[in-house]
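Chemist: In the numbering used here, the protein residues as written are 184 to 502. Cβ coordinates follow ideal geometry from the N, Cα and C atoms, glycine included. Quick caveat: nothing in here was measured; it's all calculated off a predicted structure.
(1) Might you give, ordered along the chain, the residues of its own chain that have their beta carbon closer than 6 Å to the beta carbon of residue 411, omitting 5 neighbours on each side?
(2) Check for me: the beta strand (DSSP E) holding residue 392 runs from which residue to which?
(3) Provide the residue span of the beta strand (DSSP E) that contains residue 212, from first to last.
(4) Can you give the Cα-Cα distance for residue 217 and residue 376, rounded to whole angstroms?
(5) May I have the straight-line CA-CA distance separating residue 446 from residue 439, to the nearest angstrom?
(6) Using 8 Å as the threshold, is the C-beta distance between residue 357 and residue 236 below it?
(7) Distance, Cα to Cα, residue 451 vs residue 264?
(8) At 3 residues or longer, what runs of the beta strand (DSSP E) sit wholly inside the stretch 389 to 474?
(9) Taking 8 Å as the cut-off, decide whether the C-beta atoms of residue 453 and residue 397 are in contact.
(10) Determine the contact status of residue 314 and residue 262, defining contact as a CB-CB distance below 8 Å.
(11) If we ignore side chains and look at the alpha-carbon of each, how far apart do residue 416 and residue 327 end up?
(12) Please report how far the alpha carbon of residue 337 lies from the alpha carbon of residue 219, in whole angstroms.
(13) Quick check on DSSP: helix, strand or coil for residue 333?
(14) Pull up the distance between the alpha-carbon of residue 408 and that of residue 381, whole angstroms please.
(15) How far does the beta strand (DSSP E) with residue 323 in it reach, from first residue to last?
(16) Assign residue 323 to one of two classes, buried (16 or more other C-beta atoms within 10 Å of its C-beta) or exposed (fewer than that).
(17) CB-CB under 6 Å to residue 443, same chain, minus the five flanking residues each way: which ones, in chain order?
(18) In its own chain, which residues sit with a C-beta less than 6 Å from the C-beta of residue 307, not counting the 5 before and 5 after it?
(19) Do three or more CB pairs link the stretch 359 to 368 to the stretch 246 to 253 at distances below 8 Å?
(20) Tell me the DSSP bridge mates of residue 235?
(21) Cβ atoms of residue 355 and residue 215: under 8 Å apart, would you say?
(22) When you compare the CB positions of residue 210 and residue 392, do they come within less than 8 Å of one another, or not?
(23) For residue 327, name the three-state secondary structure that DSSP assigns.
(24) Among the candidates 467, 463 and 455, whose CA atom is the shortest distance from the CA of residue 493?
(25) Expressed to the nearest angstrom, what Euclidean distance is found between the alpha-carbon atoms of residue 335 and residue 301?
(26) Give the secondary structure of residue 205 by DSSP, where H, G and I count as helix, E and B as strand, and everything else as coil.
(27) To the nearest angstrom, report how far apart residue 276 and residue 422 are at their CA atoms.
(28) Please determine, among 222, 405, 465 and 287, the residue with the shortest C-alpha to C-alpha distance to residue 268.
(29) Based on the DSSP secondary-structure assignment, which residues constitute the bridge partners of residue 354?
(30) Could you check what DSSP says for residue 486 in three-state terms: helix, strand or coil?
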C-alpha cells in the first residue's frame with residue numbers, strides 16, 4: 184500500500200509540469216554535464232568516465248520523440264581540453280526491459296551489465312567540428328520501446344555517455360523533444376539520474392541545484408560528493424531543513440555524510456545547493472554527486488523537481 188501511494192503521488196505531481204525536457208534544466212542552473220575520456224585523471228572531476236541519464240515519456244504521449252545532444256564532440260567553443268584534443272565520446276540510447284530496472288546502471292561505479300536494455304541508437308563523436316556548439320539528434324523513437332515503469336511515470340529510456348579514449352572533458356547538454364530540429368517539449372516528460380557529473384559556473388555569484396525525490400519509505404539518506412575542490416559549501420533545503428550544510432570534498436576524493444528524513448519531507452523533493460566561495464574564484468570545477476537511502480539504494484535526481492522547488496516551512500493545506 185505504501186509503494187502504491189508513493190507511485191500515485193509521483194504521477195500526480197509529475198502531471199503538473201510540462202517541462203523537465205532540458206538537461207540540465209533552468210531550475211538546476213547547471214551550465215553543462217561533463218564526461219572525461221577514459222585516460223583522464225580523476226582529479227579533473229570525473230570518477231568513472233560515465234554519465235548515465237534517463238528520460239521519462241508519459242504513457243499518454245503516443246507520438247515519436249527525439250533525444251537531442253548539444254555539443255557532443257570535443258574541442259571548439261566548449262569542453263575542457265588537456266593538451267592535444269584526443270578524446271572520443273560514445274553516446275548510446277537504450278530502451279526495453281532492464282533499461283532502468285537493472286540496478287547495475289544505478290550505482291556510484293556502474294559495472295557489469297550496466298548497459299542492459301534494448302540498444303536503440305549509438306554514435307561516437309571525436310574532435311570533428313561538425314557538431315561543435317550544435318545539436319545532434321537521436322531518433323525518432325517509439326515511446327513503447329522504452330521500459331514500462333509506472334514508478335517513474337511512464338516509459339523510461341537510458342542514454343549512456345562514455346569516454347572511450349583520450350583525456351579531455353566533454354561538456355554537453357540534452358533535450359527531450361517531439362521535433363528533430365527543434366527543442367519542443369514532450370508534455371509531462373522528465374529526466375533523472377542516479378549520479379550527477381556536472382560543471383559548475385565560474386561566476387561565484389551563481390548557485391547550482393540538484394533535486395532528489397524522497398519516497399515515502401526513506402528514513403535517512405547518505406550523500407556522497409567527489410572532487411568539490413573545497414569550492415564553498417553544499418547546502419540542503421527542504422520543507423523542514425532551512426539550510427543543512429553537508430560534508431564536502433576537497434580535490435580528488437569522496438566525502439560522505441548521513442542525515443535523517445523527517446515525515447514532512449517524504450513524497451517531496453529536496454534542494455541541494457552548490458554555493459561557491461566568493462573569495463576563492465575557482466574555475467572549471469567539475470563535481471560528482473549521489474545519494475543512497477538507509478538500505479543503500481541509489482536515489483534519483485529529477486531535472487524538473489517533482490512537486491516543485493521545495494521551500495523551507497512550506498505548509499500543506501487541507502481542503
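Modeler: Reading off the structure:
(1) 431, 432 and 470
(2) 390 to 393
(3) Unbroken run through residue 212: none, as it is neither H nor E.
(4) 13 Å
(5) 23 Å
(6) yes
(7) 39 Å
(8) 390 to 393, 403 to 409, 416 to 420, 427 to 429, 437 to 443 and 454 to 458
(9) yes
(10) no
(11) 42 Å
(12) 31 Å
(13) helix
(14) 12 Å
(15) 318 to 324
(16) exposed
(17) 403
(18) 271 and 273
(19) yes
(20) 343
(21) yes
(22) yes
(23) helix
(24) 455
(25) 18 Å
(26) strand
(27) 36 Å
(28) 222
(29) 217
(30) coil
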